[in-house]
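Q: Residue 1 is where the sequence shown starts when you use full-length UniProt numbering, and the numbers rise one by one after that. Beta carbons: idealized from backbone N, C-alpha and C, even for Gly. A quick note: this is a predicted structure, and the numbers were derived from the prediction, not measured.
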Amino acid sequence: MSSSEDSAPSNLQQISSDNEDFESISHKSTLDYQNNIPDSKPSQTHDEISPWASVEVFGNNPDYQGQKDNIVKTTRYTILTFIPLTLFENFRNLSNIYFLIVMLVSFLPISPVGYIFQLLPLVFVILVSMVKAAIEDLLKGKEDKKRNQQKVHVYRDGVFKDICSSELVVGDVLKITEDEMVPTDLLYIGSSQEEKLCYFSETNLNGETAVKTMSCFPLFKDTDAINELSSKKYYVDLGEPDRDLTRFDARMRCGDKFWSISIHNVLLRGVCTHYTENVLGIVLRTGHDTKIMKNIKHPPAKMTSFDKKLNKMLIVIFIVNLIICVISAGLGCYKERNTSFTLISQLIKPLGTSYTEYFVQFFILYSYFIPISLMVTIELLRLYHKIIIDFDPEFFDVEFGHASAHNSNQIGQLGLVTHILSDKTGTLTENIMEMLKFSVKDGQFDAHDFLKAIEADPNFVTPTIPFLLALALCNNVIVHVSNTGKIEYNADSPDEAAFVNYAASCGVRLISRDLTSMTIDIRGTRKVYKVLAVLPFNSDRKRMSILVKADGEDAILYCKGADNVIHERSVDFNCTDTVNDYAATGLRTLVFTERTIVEPEFTEWTTRFHEAESSLIDRDAKIEAAAALVECKLNVIGVTGVEDRLQPQVPQTIEWLRNAHIKVWILTGDKLETAIAIGRTSGVIQPGSDVLIISNDEKDTVKRRLRILRDDIDTFTNPVLIVTAVAVEYCLNDFFEEFMDIAKQVSAVILSRVSPFMKAQVTNAVRDHGGMTLAIGDGANDVGMIQVAHVGVGVYGREGSQAAQSADFAIPRFKHLIRLLTVHGHWTYYRFSNVAMIMLYKNFAFILCQLWFSFFSLWSPQSYYNDFFLSVFNLVFTVLPPFIYGCTEQDLPQYILKKTPDLYPVQHDPMMVKNLIYYLFVAVYQSVIAYFGTFFNMGNDTLVANGVISYLAVTYIVVIQVILWSNYHNIIGFILYPINIVFVPIITIIDLAAFNEPLKGVFTHTLASAYSWLGLIATIIVAIIPSFIIEYARKRFSPSKVRIYEEKAAIGIQNRKNNNLRRTWSQFGGHELRRYASGTVDGEVVRTEEQIANTNIEEQP
1 MSSSEDSAPS NLQQISSDNE DFESISHKST LDYQNNIPDS KPSQTHDEIS
51 PWASVEVFGN NPDYQGQKDN IVKTTRYTIL TFIPLTLFEN FRNLSNIYFL
101 IVMLVSFLPI SPVGYIFQLL PLVFVILVSM VKAAIEDLLK GKEDKKRNQQ
151 KVHVYRDGVF KDICSSELVV GDVLKITEDE MVPTDLLYIG SSQEEKLCYF
201 SETNLNGETA VKTMSCFPLF KDTDAINELS SKKYYVDLGE PDRDLTRFDA
251 RMRCGDKFWS ISIHNVLLRG VCTHYTENVL GIVLRTGHDT KIMKNIKHPP
301 AKMTSFDKKL NKMLIVIFIV NLIICVISAG LGCYKERNTS FTLISQLIKP
351 LGTSYTEYFV QFFILYSYFI PISLMVTIEL LRLYHKIIID FDPEFFDVEF
401 GHASAHNSNQ IGQLGLVTHI LSDKTGTLTE NIMEMLKFSV KDGQFDAHDF
451 LKAIEADPNF VTPTIPFLLA LALCNNVIVH VSNTGKIEYN ADSPDEAAFV
501 NYAASCGVRL ISRDLTSMTI DIRGTRKVYK VLAVLPFNSD RKRMSILVKA
551 DGEDAILYCK GADNVIHERS VDFNCTDTVN DYAATGLRTL VFTERTIVEP
601 EFTEWTTRFH EAESSLIDRD AKIEAAAALV ECKLNVIGVT GVEDRLQPQV
651 PQTIEWLRNA HIKVWILTGD KLETAIAIGR TSGVIQPGSD VLIISNDEKD
701 TVKRRLRILR DDIDTFTNPV LIVTAVAVEY CLNDFFEEFM DIAKQVSAVI
751 LSRVSPFMKA QVTNAVRDHG GMTLAIGDGA NDVGMIQVAH VGVGVYGREG
801 SQAAQSADFA IPRFKHLIRL LTVHGHWTYY RFSNVAMIML YKNFAFILCQ
851 LWFSFFSLWS PQSYYNDFFL SVFNLVFTVL PPFIYGCTEQ DLPQYILKKT
901 PDLYPVQHDP MMVKNLIYYL FVAVYQSVIA YFGTFFNMGN DTLVANGVIS
951 YLAVTYIVVI QVILWSNYHN IIGFILYPIN IVFVPIITII DLAAFNEPLK
1001 GVFTHTLASA YSWLGLIATI IVAIIPSFII EYARKRFSPS KVRIYEEKAA
1051 IGIQNRKNNN LRRTWSQFGG HELRRYASGT VDGEVVRTEE QIANTNIEEQ
1101 P
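#1: To which residues of the same chain is L428 closer than 8 Å at the C-beta, ignoring the five residues directly before and after it?
#2: What do you get for N70, buried or exposed, if any count of 16 or more other CB atoms within 10 angstroms of its CB means buried?
#3: On the DSSP letters alone, give me the boundaries of the beta strand (DSSP E) that C575 sits inside.
#4: Between D867, N96, M839, which lies nearest to L916 when the distance is taken from Cα to Cα?
#5: Considering Cα atoms alone, identify which of R76, R1043, I282, D446 is closest to S191.
#6: Using the Cβ count rule (16 or more neighbours within 10 Å means buried), how would you classify F88?
#7: Whole alpha helix (DSSP H) runs in the segment 505 to 591 with 4 or more residues, listed along the chain?
#8: Are there three or more Cβ pairs, one per stretch, closer than 8 Å when the segment 681 to 696 is compared with the segment 927 to 934?
#9: Can you tell me whether Y582 is buried or exposed? The criterion is at least 16 other CB atoms within 10 Å of its CB, across all chains shown.
#10: Could you give the distance in angstroms between the alpha-carbon of D249 and the alpha-carbon of S262?
#11: Do you know offhand how far N843's Cα is from D991's?
#12: Leaving out five residues on either side along the sequence, give the residues of the same chain with a beta carbon under 8 Å from the beta carbon of L100.
#13: Between which residues of its own chain and V477 is the CB-CB distance below 6 Å, once the five residues before and five after are set aside?
#14: Can you tell me the Cβ-Cβ gap for S927 and W852, rounded? I've got them flagged as a contact below 8 Å.
#15: Return the first residue and the last residue of the alpha helix (DSSP H) that C887 is part of.
#16: Can you tell me the Cβ-Cβ gap for R588 and T525, rounded? I've got them flagged as a contact below 8 Å.
#17: Return the first residue and the last residue of the alpha helix (DSSP H) that R382 is part of.
#18: Helix or strand or just coil, what does DSSP make of A748?
#19: If we call anything under 9 Å between Cβ atoms a contact, is G415 one with L817?
#20: Under a Cβ-count criterion, where at least 16 other Cβ atoms within 10 Å of its own Cβ denotes burial, should R509 be classed as buried or exposed?
#21: Where does the unbroken alpha helix (DSSP H) through I323 begin, and where does it stop?
#22: Relative to the C-alpha of W656, which candidate in I896, N937, V962 has its C-alpha closest?
#23: Roughly how many whole angstroms lie between the Cα atoms of L284 and G66?
#24: How long is the line joining the alpha carbons of T356 and F363, rounded to whole angstroms?
#25: According to DSSP, E643 sits in a beta bridge with which residue or residues?
#26: With A725 and V754 assumed to form a contact (beta carbons below 8 Å), what rounded beta-carbon distance in angstroms separates them?
#27: Between which two residues does the beta strand (DSSP E) containing residue 1103 stretch?
#28: Which residues does DSSP pair with C198 in a beta bridge?
#29: Can you list, in chain order, the stretches of the alpha helix (DSSP H) that have 4 or more residues and sit fully within the segment 805 to 874?
#30: So the beta strand (DSSP E) N490 belongs to, where does it begin and stop?
#31: Hey, which unbroken runs of the beta strand (DSSP E) at 3 residues or more fall wholly within the segment 52 to 134?
#32: CB V591 to CB D551, shorter than 9 Å?
#33: Could you check how far apart the C-beta atoms of A1023 and I929 are, in whole angstroms? I think they sit under 8 Å.
#34: Note down, one range per segment and in chain order, each beta strand (DSSP E) of at least 3 residues found wholly within the segment 689 to 740.
#35: Taking the beta strand (DSSP E) that residue 1144 belongs to, which residues open and close that run?
#36: So, for K424: in the same chain, excluding its five sequence neighbours on each side, which residues have a beta-carbon less than 7 Å away from its beta-carbon?
Structure (structure tokens):
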């Protein structure tokens, strides 16, 4: 023992100096390790802690600097901060800043448009966003109020009282009943359960459903906690509140005596009690000082591909807008200075002033190039699609419930995925373990056959008793006896439950357990083992050990772990072939060992271990160092092979993803052989595929292997690249380009023995290399890669739901990924991108009429439209078409998308530059027709009359054009589109007749003329016909792959047996039919007529 350890304050030193006997030392070591706390005897030295605050039990604590009450608010806003915060959030959007500038400029006297008609649309858009934020916040506030008003039982004035949870204060003593959520961070001091144990789960804290055990604080183990706390003044010294869920460093003191407190003594807010009545605890942290509230944070912001493309388009449009303004202002100044009117020329302002005024005025007039309602429309559509995912009945699973969309911004990304990075256990598999095989010194056995052999000959089990004892003892299983007398096992992991249940089936049953002992029924004979120490499993140790001792026997250490970890610590490791054989069939393997610990080694080790666990400085490191002293010289007694069954339809889902041209990467912590086996059973590795393995730990060898594979990659058949842990690090850090070159050309990638950090590192590398990544997992170890990926998907897991809670989307099963990508992803991106282009198109068509008007107004910045009509064009008259399109449009029915994965990738991205040019061309043509058609039709009518008729023409052209661009028509469109068409003239007439006196003549004269309406109709028809002809010709003479399937969906397959495709000439042209039947469309080979007739595509019922 080092001098530093000798000088450290230790309760163990006191125990040793008291010359306690061997049994009492063993008992204390067991108790203290289970809770990671010192013995109930107080420490005399306490200079290791510098308290941040002290709390008096039952005291008022007026000087406590943390939160005293237990009020919790998860709302973002208060009455005072709501307006400034929501305004700040809205004006982070560049488009809103743009329209704010336009609105401020419109206040100038030179503005051609009244400021009120710039102000109202902007206020409307901001108000919609603010109302949305307010509703979401009010819903959170409702939940907060429910939690804050929950009744709790607190000990005050000598009795237990019912008060609201929000009224709890630090220092209170609280009583929790069975199956009740803990409302604060509590120091657990006792319960009505035998031995004052408390059973609890952390489902609400971290998603883990396993029931865990805690013993009461040792000071109160043998006393009545209420009487003890009432008779003396006790204080708790606390550190500053933090978010570390694995630590809680504090101490209790009374006078000059001190007792250390760790996380293993504290019930954190959010945990739920089970099987335990009347749990008592001292309130240590309240409200937002509790660990769970410190950990609440928003997921990282992710900029979507759709938003990036839209921002680029808006920037281009803004630049074009500025160019038009510059040219228009220049032409205006030129016309102004070249007038033949002498009087006017004398009133002309200086060139700089005149140009500035012209520029500002044209800037306001042309501001409608960018639709003010674009972003709010997209946000509302995102909210709608989030609700659709949440209530999609096809996502429902009996065990795990519905899917959930946590981040509606990412819905469109689901239609663009190129790489899926998936966890294995619990994601591809069920995470329900069943032991299928095991190996002991007497041979290898099939688990089911072994049980049958025992039934035939009960003595057959005798040689395997030591191995079965290891299965029954080496675990953290909680034993609960139900009211019916049935024994229930609740394990931290399904592996442990499988082991204990199998041992029980073989006649070695774990029948009871507490903190200090375990009772085993060995074929009718009960044997009690004292639990002396438990060394738990974690991701760094990759092993778990338990030290037990039966009366009259030596202490035995049982240890189980991964083969590579056990190999380093065993003396007779000769089971490598067995482990590899089991792993090759897809089984999860563990190696079980034992070691007998005799005196004096046992006493020396327990002394050192007890000192380590009592330390307040570097406690974890000291415990690990002590564990290393005993987890060595192990004797292998058996190897287990546990099956984790695949989830339903995993191979079919993998095949669908492959056919959709999505690269699948499997990232698993399992060993190489297990990863290969799962790759084959899941379909990631296809029959006949070449498996390319890089598993060497030497850097130069990995480099050489990568270069060989890259050079010879074309010689392999459907190659699958498999890389192990150390080689993965080399690939990412030293040979990244070579690695990614190979990864691009293989059909799939499997990485084994990877840590959670490496998973996130790999995901980030694939993302940075240009792939649209989707990460999917079910456990806490998958959260990192889920948050790094473009899209994170969590699968509801049996061991917890941290991944689902942290992800953008949560689904019950891996198979639901198909529907998430095809129906929701494909449709949503198709809708959003087309809605964005439609909104840009309609504003192009609308404001270009203003540009044509300038040619006839001597480039005078005068508005062609009435101010009122300017403000309601986007927000009233043309608001429905984008919404209807964005909510209902389908390029293909969902049954075709699900059955035809090669249609998943975007076939025709509306947001490509060439498509923007096409929409601009359509808008230019239609605006020319709307303006000049009205100009020639109206003859000598007034300017304002021309403006009204052109306005109506553009509005109707836009609405009808959107209808013609739609592929899918349903009852919603049949109802809302006619309403839109009818309400436009009604609102126009009401405004002209009742609220706009200067324009009343337009109502009484122009709109009263049948000639005006006939001219309007003719203008609309002429404007629409070319676009209709172009669309028809493109679909008829150059059909895309999507168009082919649209036609198939339209006509159906009436009779597959006669292999006859019937197409009516009213639907298709003969030329197109001949091209389609010949098997080529746009240079691509497609299905022939016979193949189409036999295609397995059916209409949904």
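A: This is what the structure holds:
#1: Stepping through the sequence shown from its first residue, residue 428 is reached at position 428. Excluding residues within five positions, the ones whose Cβ falls inside 8 Å are S422, L646, Q647, V650, I666, I678, S682, F814.
#2: Stepping through the sequence shown from its first residue, residue 70 is reached at position 70. Counting Cβ neighbours within 10 Å, N70 comes out buried, since at least 16 surround it.
#3: Residue 575 sits at position 575 when you count from the first residue of the sequence shown. Here C575 belongs to no beta strand (DSSP E), and DSSP marks it neither H nor E.
#4: For the purposes of this step, residue 916 is taken as the residue at position 916 of the sequence shown. The residue with the shortest Cα to Cα distance from L916 is M839.
#5: Here residue 191 is taken as the residue at index 191 of the sequence shown, counted from 1. Of R76, R1043, I282, D446, the residue nearest in Cα terms is I282.
#6: Along the sequence shown, one-based indexing puts residue 88 at 88. With fewer than 16 other Cβ atoms within 10 Å, it is exposed.
#7: 563 to 567, 576 to 584
#8: no
#9: As a first step, residue 582 must be located in the sequence shown, where it is residue number 582. Label assigned to Y582: buried.
#10: What you label residue 249 is simply residue 249 of the sequence shown in a count that begins at 1. What you label residue 262 is simply residue 262 of the sequence shown in a count that begins at 1. Rounded to the nearest angstrom, the two C-alpha atoms are 5 Å apart.
#11: The sequence position of residue 843 within the sequence shown is 843, counting from 1. The sequence position of residue 991 within the sequence shown is 991, counting from 1. Each residue's alpha carbon lies about 22 Å from the other.
#12: As a first step, residue 100 must be located in the sequence shown, where it is residue number 100. For L100, where only same-chain residues beyond five positions count, the Cβ hits under 8 Å are F91, L122.
#13: As a first step, residue 477 is located in the sequence shown; it is residue number 477 there, counting from the start. Only Y489, A491, E496, V500 meet the Cβ criterion.
#14: Looking up residue 927 in the sequence shown gives position 927. Looking up residue 852 in the sequence shown gives position 852. Yes, they are in contact, since the Cβ atoms of S927 and W852 sit about 7 Å apart, within 8 Å.
#15: Counting from one through the sequence shown, the residue named residue 887 turns up at place 887. Run containing C887: 880 to 888, per the alpha helix (DSSP H) assignment.
#16: Residue numbering aside, residue 588 sits at position 588 when the sequence shown is read from its first letter. Residue numbering aside, residue 525 sits at position 525 when the sequence shown is read from its first letter. That belief does not hold up - the Cβ atoms of R588 and T525 are roughly 32 Å apart, past 8 Å.
#17: On the sequence shown, residue 382 is found 382 positions in, with the first residue counted as 1. Where R382 is concerned, the enclosing alpha helix (DSSP H) stretches over 374 to 390.
#18: Against the sequence shown, residue 748 aligns to sequence position 748. DSSP places A748 in strand when its eight states are reduced to three.
#19: Walking along the sequence shown from the start, residue 415 turns up at place 415. Walking along the sequence shown from the start, residue 817 turns up at place 817. No, they are not a contact pair.
#20: Reading the sequence shown from its first residue, position 509 is the one you call residue 509. Burial call: buried.
#21: Within the sequence shown, residue 323 is the residue found at index 323, counting from 1. That run of the alpha helix (DSSP H) goes 305 to 337.
#22: In the sequence shown, the residue the question calls residue 656 occupies position 656. Closest option to W656, Cα to Cα, is I896.
#23: Stepping through the sequence shown from its first residue, residue 284 is reached at position 284. Stepping through the sequence shown from its first residue, residue 66 is reached at position 66. Near 10 Å, if we compare the C-alpha coordinates of G66 and L284.
#24: The residue you call residue 356 lines up with position 356 of the sequence shown. The residue you call residue 363 lines up with position 363 of the sequence shown. Straight-line Cα distance between these residues: approximately 10 Å.
#25: For the purposes of this step, residue 643 is taken as the residue at position 643 of the sequence shown. For E643, which the question treats as bridged, DSSP gives the partners E434.
#26: By 1-based counting over the sequence shown, the position of residue 725 is 725. By 1-based counting over the sequence shown, the position of residue 754 is 754. About 6 Å; that satisfies the 8 Å criterion.
#27: Limits of the chain in this structure are 1 at one end and 1101 at the other, which puts residue 1103 out of reach.
#28: Here residue 198 refers to the residue found at position 198 when the sequence shown is read from its first residue. Answer is M214.
#29: 827 to 855, 867 to 872
#30: Position 490 of the sequence shown, counted from the start, is the residue given in the question as residue 490. First-last of the beta strand (DSSP E) with N490: 487 to 490.
#31: 53 to 56
#32: The sequence position of residue 591 within the sequence shown is 591, counting from 1. The sequence position of residue 551 within the sequence shown is 551, counting from 1. No, the pair does not count as a contact, with Cβ atoms beyond the cut-off.
#33: Position 1023 of the sequence shown, counted from the start, is the residue given in the question as residue 1023. Position 929 of the sequence shown, counted from the start, is the residue given in the question as residue 929. The pair is a contact, with the Cβ atoms about 4 Å apart (cut-off 8 Å).
#34: 691 to 694, 720 to 723
#35: Here the chain covers residues 1 to 1101 and nothing more, so residue 1144 does not appear.
#36: Mapped onto the sequence shown, residue 424 falls at position 424. Within the same chain, K424 has close Cβ partners I666, T668, D670, I678.
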